[in-house]
Amino acid sequence: MAKDPVLVVLQLSGGNDYMNTVIPYSNSLYWENRPVVNIAEDKVIPLDDKVGFNPSMAPLKKYYDEGKMALIHGVGYADSPRSHFRSMDIWHTCEPNIVGTEGWLGRALREFDPNKENVVTGVSFGPSMFRAMSLPGVPVACVSGSLETYGMLPGIQGDQRLKVLERFKNAYASSVGLGPVMDYLGTTGIDSLAGADILKVAPSKYSSTVTYPASKVAQKLKGVAQVHLADLGTRIFYLDHGSFDTHASQLGEHAKLWQEVSQGVDAFFSDLREHNAADNVLLVMFTEFGRRVHDNGSGTDHGAGGVAFAIGDAVKGGQYSEFPSMKLQDLSQGDLVPNHDFRGFYTTILEDWLKLDAKPLVNGSFEKLSFVRN
Amino acid sequence: MADSHDIGLIAHLMRRAGFGASREELEMRAAKGYNATLEELLHPEENEAADQNVLLRYQPASLLPGGQPPMGNVNWMFHLVNTKRHLEEKMTLFWHHVFATGNSKVDNYDQLLEQIEMFRDKGMGNYRELLVALAKNPAMIYWLDNQENHKRAVNENWGRELLELFSMGQGNYTEKDVREASRAFTGWGIAAKIPRLPYGRFPWEFEYNAEDHDETEKEFLGHTGNFNGEDIIDIVVQQPACATFICRHLYSFFVADEPQVPSWKITPPQDPQLMAAMTRSFRESSFEMRAVLRTLFTSDSFKNARFNKIKSPAELVVSTLRMVGGADIPFPHYGEEIAMQPTYMGQDLLNPPSVEGWHTGKEWINSGSLMSRINFTAQMVGDASKPGVRFIINRVKARGTLQPEQFVDTALDLMGPLEVDEATRQELLIHAQEGGDLTWENNAVSEQRVAQLLQLIVATREYQFN
Chain X
2 MAKDPVLVVL
12 QLSGGNDYMN
22 TVIPYSNSLY
32 WENRPVVNIA
42 EDKVIPLDDK
52 VGFNPSMAPL
62 KKYYDEGKMA
72 LIHGVGYADS
82 PRSHFRSMDI
92 WHTCEPNIVG
102 TEGWLGRALR
112 EFDPNKENVV
122 TGVSFGPSMF
132 RAMSLPGVPV
142 ACVSGSLETY
152 GMLPGIQGDQ
162 RLKVLERFKN
172 AYASSVGLGP
182 VMDYLGTTGI
192 DSLAGADILK
202 VAPSKYSSTV
212 TYPASKVAQK
222 LKGVAQVHLA
232 DLGTRIFYLD
242 HGSFDTHASQ
252 LGEHAKLWQE
262 VSQGVDAFFS
272 DLREHNAADN
282 VLLVMFTEFG
292 RRVHDNGSGT
302 DHGAGGVAFA
312 IGDAVKGGQY
322 SEFPSMKLQD
332 LSQGDLVPNH
342 DFRGFYTTIL
352 EDWLKLDAKP
362 LVNGSFEKLS
372 FVRN
Chain L
164 MADSHDIGLI
174 AHLMRRAGFG
184 ASREELEMRA
194 AKGYNATLEE
204 LLHPEENEAA
214 DQNVLLRYQP
224 ASLLPGGQPP
234 MGNVNWMFHL
244 VNTKRHLEEK
254 MTLFWHHVFA
264 TGNSKVDNYD
274 QLLEQIEMFR
284 DKGMGNYREL
294 LVALAKNPAM
304 IYWLDNQENH
314 KRAVNENWGR
324 ELLELFSMGQ
334 GNYTEKDVRE
344 ASRAFTGWGI
354 AAKIPRLPYG
364 RFPWEFEYNA
374 EDHDETEKEF
384 LGHTGNFNGE
394 DIIDIVVQQP
404 ACATFICRHL
414 YSFFVADEPQ
424 VPSWKITPPQ
434 DPQLMAAMTR
444 SFRESSFEMR
454 AVLRTLFTSD
464 SFKNARFNKI
474 KSPAELVVST
484 LRMVGGADIP
494 FPHYGEEIAM
504 QPTYMGQDLL
514 NPPSVEGWHT
524 GKEWINSGSL
534 MSRINFTAQM
544 VGDASKPGVR
554 FIINRVKARG
564 TLQPEQFVDT
574 ALDLMGPLEV
584 DEATRQELLI
594 HAQEGGDLTW
604 ENNAVSEQRV
614 AQLLQLIVAT
624 REYQFN
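Protein sequences, first through last, are from chains X and L.
Throughout the first sequence, residue numbering follows the working numbering, covering 2 to 375 in sequence.
Throughout the second sequence, residue numbering follows the working numbering, covering 164 to 629 in sequence.
This is how it looks when you write it as structure tokens:
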């Protein structure tokens, strides 16, 4: 039986600097615009004669060489508001003009599990719920700490426990005339009770020779691997890392962040491969916006077009779309003009990987790319 | 007309204008009445602040906690739980929500605590003074890179957020205004930049570098002149958008949840009448927060807004600790268990996710955070050795043998008084009925029954509301 495709979204929060992630090292405009915040040419890991990876991304190079990693140039949308929350909201809801409340992946989860048969169809590893996953009536198991200690009212044990949890469940189930917030709390409580029962088996079933680094992102990826390997029917995982908001002292901070991400992702895929469980996993990475073309002497300010990545066995590796022009006359308020709409990136993932009709999920038709093998 | 001695109303005021209180304190305040309690909250100087020296005896590292948690959190948690200046501390939290500054970048809890102390000092005073202090606050300058804002290389991070997030909101200025405001703040930096290695951390202080300040003319919101930073703030506070923005934040924090800030230019305020009264107080008092707060807390809208807001993690944790007691007296390892609790529930104090602060209201709740909320509060009220829990147990005991219904209603009353939905009450009742009448023939068993009922009560949906 073919395995269901699984999506892992790693959000790079804060606005990752595109130009120092995939460096256009042979373009003189890069050096003109980045007198201070640049990566020395001999440190760049070349992908071709135009662009190369940031040296901290070394652990990811082998995925690129194997043809299992795609990078998508110039992702974004028109008229970037250059505001973190607003921009992230747009990415999460596909609503550039109004403030949306429905996450694109929340909608995808509803397609997978319209009758809420599995409350761990979506699992989020974050300090709090990501709007991309949220949709009223769609349960998402949200693990805020470690998987090991996940459970409701652990202090009440013995023969009382089942009775108390029964009272809890009934109290949360009532919904007559209590209003939307109480309803939301009710379903969240019941779903989280159910999700905890299911997820808590994952760490106990897990064993691996792979050691994950101690960074937050690596530990979250380990949790993703544990749940994936426990075969609980989870289709979408979401996690984040940051902050990529490098207005000042960028070089050191940006290098550290990418080192954590690259080592974590490498450990994750090594772990899945060890368990023969990597073939149905697609991991994608995005950020809310790229940063200004010209540096500010120490860091970079909020910009527009950015870069996204896709890694996995089903990926047709290489580069998609184009590096936007850095020529002054082609910039918009000093920023790269995106040339691939992020909803096209989503459409490729939804249609070619998750086999869903993307149009109602991303609010329209957008140009697809071919980075997923069919 | 609400009865000004109604303990339910007083409990509401203390939950919102503070972080709740023990049952004992609520009864004392109910006897004093609503207006007297409110005036005391608005004039905190007569009440004791938390005595940090007592904390330092047991947690000396919380004075200058450096760059790693949890000692910065321990320090603030000590103040949150102990200060007798309830509203002053609540306003400190309010400004931390609005002027969100985070350790993820500042990497310096020493300076973040100093910013919190500044909010404590100025948060109930004049908003213009507060903005000036904020513009000169080292943690803020570093957070929004104003030390990198130079005459010849403008960094517009602070200039933009001042307008977008700290005073007016999107749609009330142009990109050019951002640029011009940023130019006016060139040269506003921080001093004592002794390299951290190998010398360690040195306190930062504000430093104005006149040579690095752009002395040319600026055009800002229709005004033209050789503006410096304070001129920009003077122009900003006069804008009608500024009064609306600050009052809407206050309304959303103290009265009822408004949508998140990015929606404000599209969605009008839900209570235009109270908003109008508050903005009037803001203008007529020349930006005195105390005047706006008095208008807010004396309004019927506020008094009628009981249990309509989801408690933020900080509110949930601190109000539960104040109710159960025992976190007031420092002891070895003080605060290490409680200080990070809000973090586990999605509110990492002193480290908001971005300069735009936290998504609040219903967004505090997801399946993970709800579980953390329930588990922590249940652990607290289940501990019969805590003084506030003992107080409730003793009160229940004083009523003698109670039938299950009386037992449930007494517990709900002593924990708030809390209002719960009838279906919730039924489940609590079924739980109580399983043990039969509450008698005190076996003291230990009965105390355990009370504590367990309290645990089930804090696990309800209703307890999540403020």
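Where a beta carbon is used, it is the ideal one built from N, C-alpha and C, also for glycine.
Length-filtered (4 minimum) alpha helix (DSSP H) runs lying within the stretch 435-481 of chain L: 435-447, 452-460, 463-466
Which of the three DSSP states, helix, strand or coil, is assigned to residue 125 of chain X? strand
Which residues of chain X have a Cβ atom closer than 7 Å to the Cβ of residue 584 of chain L, listed in chain order? 175, 179
Measure the CB-CB distance between residue 139 of chain X and residue 126 of chain X and report whether it falls below 9 Å. no
Would you check if the distance between the CB atom of residue 410 of chain L and the CB atom of residue 441 of chain L is smaller than 9 Å? yes
For residue 244 of chain L and residue 482 of chain L, I'd like the C-alpha separation in whole angstroms. 8 Å
Check the C-beta distance from residue 276 of chain L over to residue 269 of chain L and give it rounded, since I have them as a contact under 8 Å. About 11 Å; that fails the 8 Å criterion.
Could you spell out where the alpha helix (DSSP H) holding residue 156 of chain X opens and where it closes? Here residue 156 of chain X belongs to no alpha helix (DSSP H), and DSSP marks it neither H nor E.
Can you grab the Cα-Cα spacing for the pair residue 491 of chain L / residue 240 of chain L, in whole Å? 10 Å
Run the CB neighbour count on residue 395 of chain X, radius 10 Å, all protein chains shown included, and call it buried at 16 or more, exposed below. One cannot answer for residue 395 of chain X here, as it falls past the ends of chain X, which runs 2 to 375.
Reduced DSSP secondary structure (H/G/I, E/B, other) of residue 370 of chain L: strand
Would residue 51 of chain X pass as a contact of residue 21 of chain X if the rule is Cβ separation under 9 Å? no
List, in order along the chain, the chain X residues whose C-beta lies closer than 7 Å to that of residue 623 of chain L? 172
If you count every other CB in all the chains shown that lies within 10 Å of the CB of residue 429 of chain L, and 16 or more means buried, which is it? exposed
If you reduce the DSSP assignment to three classes, tell me which class residue 606 of chain L lands in. helix
Given a cut-off of 9 Å on the beta-carbon distance, is the pair residue 332 of chain L and residue 271 of chain L in contact? no
Per DSSP, the bridge partner or partners of residue 320 of chain X: X:72
Run through chain X and tell me which residues come within less than 7 Å of residue 541 of chain L, C-beta to C-beta. 154, 156
Classify residue 164 of chain L as helix, strand or coil using the three-state DSSP reduction. Legend: pLDDT at residue 164 of chain L = 42, less than 50; position of this residue unreliable, no value from coordinates given.
Which residues of chain X have a Cβ atom closer than 8 Å to the Cβ of residue 619 of chain L, listed in chain order? 165, 168, 169
Residues of chain L with CB under 7 Å from residue 142 of chain X, in chain order? 530
For the stretch 191-276 of chain X, list the beta strand (DSSP E) runs that are entirely contained and at least 3 residues long, ordered along the chain. 237-243
Could one say the Cβ of residue 182 of chain X lies closer than 9 Å to chain L's Cβ atoms, at least one of them? yes
Within the 9 Å Cβ cut-off, does residue 15 of chain X reach chain L? yes
Which residues of the stretch 226-252 of chain X have a Cβ closer than 8 Å to any Cβ of chain L? Give them in chain order. 243, 244, 246, 248, 249
Could you check what DSSP says for residue 216 of chain L in three-state terms: helix, strand or coil? helix
Residues of chain X with CB closer than 7 Å to the CB of residue 534 of chain L, please, in chain order. 153, 193, 197
Whole-angstrom C-beta distance between residue 354 of chain L and residue 250 of chain L, which should lie under 8 Å: The pair is not a contact, with the Cβ atoms about 34 Å apart (cut-off 8 Å).
Starting from residue 189 of chain X, find everything on chain L with Cβ-Cβ shorter than 7 Å and list it in chain order. Correct list: 528, 529, 530, 533.
Would you mind telling me which residues of chain X sit closer than 9 Å to residue 318 of chain L, beta carbon to beta carbon, in chain order? 248, 249, 297, 298, 299, 300, 302
Would you say residue 12 of chain X reaches chain L, if we count a Cβ-Cβ gap shorter than 9 Å as a contact? no
What separation, rounded to the nearest whole angstrom, lies between the Cα atoms of residue 206 of chain L and residue 167 of chain L? 19 Å
Looking at the structure shown, is residue 239 of chain L part of a helix, part of a strand, or coil, going by DSSP? helix
Are the C-beta of residue 349 of chain L and some C-beta of chain X separated by less than 9 Å? no
Which partner residues does residue 303 of chain X have in the DSSP bridge list? DSSP lists X:292 as partners of residue 303 of chain X.
Strictly under 9 Å for the Cβ-Cβ distance: is residue 330 of chain L near chain X by that measure? no
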